[in-house]
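Numbering (the working numbering), first residue to last: 110 to 496. Each residue gets a CB set at the ideal place from its N, CA and C atoms; glycine is no exception.
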């Protein structure tokens, strides 16, 4: 893993903005995921929604991880990039008939409603096959994260709530083209209270598993979802998240039934730190109250700050002048197109390169062409081996 400033001369030859991915760091992260998950006997599925760059997906699939998809196109993308279809699970509250039909044969559908269970049974019957399904459960666990990315409370749209457990169990006794395989849980994203939140999730999952077992349903796997947070404040201090603590917490708090598999879905935490959005200073606007640095990357390239108020560290790639405070803003015609306020950076001038860090997850995949601005292309560290 090199400091980004080492690439400055090469970056100056490229049109900004663009995404830069450190594949050496990604390899280190995948190795740590495999080491820690293997130690505790937990199967890993990468959450495809975090990033769909082909080169990154092929690195992850070639390491032997499965895929967690939340749309039919994500299922297709995963398979195209090397994930075996029988190692792909499909979640999402709004699966269309077309998506279900195309995904038949995957490892499991994570069913989010009683009506969806009936629909999958009907589509599988028409195809003359039996579809493996697990039930996504809304466990009522507070993930202590941003309200827009919490998913495990009854006020959220995801999964089945307790009053639906008995009807769901009864449905498996009459439906002939779906096979119950397990339970799926996910309580939110960017979780930093690892031990508290995930121990609560495991306790609730164990309790709910007991109910479905009492109904005569055999649980082949429990998927505890993802949500492991990353260090957006000091990414260089913690470039690889604490997978050891996460998997150990799960293993210590989730009793194993004989033959039962445990699954987890580290999406953001695999790819977030390997990606940066590189942008160029267009203008410096001096005012009495504050000074604005206008860059060519906008909220259309990375929407998290505008959407969630999310923090991303901003690095000056060649600055050595005394630090000044700036508001870093983008070119999009919206007042929310702000990268950071009162950020201390070395003195900025037109043409300087800045890097918006920890942008490997929920960056390019959420980008748009709003204002008819171009999407940012991707470059990879192995493209610059001569540096």
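Select from the options the residue whose C-alpha is nearest the C-alpha of residue i.
i: residue 410; options: 473, 218, 449; result: 473
i: residue 289; options: 322, 313, 300, 316; result: 322
i: residue 394; options: 458, 426, 427, 339; result: 458
i: residue 145; options: 480, 396, 353; result: 353
i: residue 221; options: 234, 231, 202, 232; result: 202
i: residue 224; options: 185, 347, 273; result: 273
i: residue 163; options: 149, 187, 137; result: 187
i: residue 173; options: 304, 136, 421; result: 136
i: residue 358; options: 445, 485, 306, 484; result: 306
i: residue 412; options: 435, 268, 444; result: 444
i: residue 120; options: 483, 479, 464, 471; result: 464
i: residue 334; options: 347, 365, 297; result: 297
i: residue 112; options: 284, 150, 344, 301; result: 344
i: residue 330; options: 372, 204, 406, 160; result: 372
i: residue 285; options: 234, 302, 320, 324; result: 234
Would you mind stating whether residue i and residue j have Cβ atoms separated by less than 8 Å?
i: residue 293; j: residue 244; result: yes
i: residue 183; j: residue 158; result: yes
i: residue 229; j: residue 246; result: no
i: residue 408; j: residue 419; result: no
i: residue 211; j: residue 197; result: no
i: residue 155; j: residue 379; result: yes
i: residue 291; j: residue 238; result: no
i: residue 339; j: residue 377; result: yes
i: residue 248; j: residue 139; result: no
i: residue 280; j: residue 326; result: no
i: residue 236; j: residue 219; result: no
i: residue 242; j: residue 217; result: yes
i: residue 342; j: residue 114; result: no
i: residue 389; j: residue 481; result: no
i: residue 452; j: residue 385; result: no
i: residue 421; j: residue 360; result: no
i: residue 311; j: residue 369; result: no
Which residues mark the beginning and the end of the alpha helix (DSSP H) in which residue i is found?
i: residue 276; result: 274-283
i: residue 148; result: 132-149
i: residue 429; result: First-last for residue 429: undefined, no H or E at that position.
i: residue 161; result: Per DSSP, residue 161 belongs to no alpha helix (DSSP H) and is neither H nor E.
i: residue 444; result: Residue 444 -> no alpha helix (DSSP H), and no H or E assigned at all.
i: residue 358; result: 352-362
With a threshold of 7 Å, establish whether the CB of residue i neighbours any heavy atom of the ligand HEM.
i: residue 267; result: No copy of the ligand HEM occurs in the structure displayed, which carries no ligand at all.
Let me check one thing: in DSSP terms, what residues is residue i bridge-paired to?
i: residue 286; result: None; residue 286 has no bridge partner.
i: residue 395; result: 400
i: residue 386; result: 128, 465
i: residue 219; result: 243
i: residue 453; result: 434
i: residue 292; result: 244, 331
i: residue 155; result: 176
i: residue 269; result: 246
i: residue 165; result: BP columns for residue 165 are empty, so no partner.
i: residue 337; result: 300
Could you please give the first and the last residue of the uninterrupted beta strand (DSSP E) stretch that includes residue i?
i: residue 175; result: 175-178
i: residue 462; result: 462-465
i: residue 488; result: 487-489
i: residue 373; result: 370-373
i: residue 423; result: 423-425
i: residue 493; result: Note, residue 493: premise wrong, no beta strand (DSSP E); not H, not E.
i: residue 199; result: 197-199
Contact defined as beta carbons within less than 8 Å: I believe residue i pairs with residue j. What is the distance between those atoms, to the nearest angstrom?
i: residue 123; j: residue 488; result: 7 Å
i: residue 455; j: residue 429; result: 6 Å
i: residue 175; j: residue 152; result: 7 Å
i: residue 544; j: residue 232; result: Past the edges of the chain, shown from 110 to 496, lies residue 544, and the structure says nothing about it.
i: residue 437; j: residue 387; result: With 8 Å as the limit, residue 437 and residue 387 do not qualify as a contact, their Cβ atoms being about 13 Å apart.
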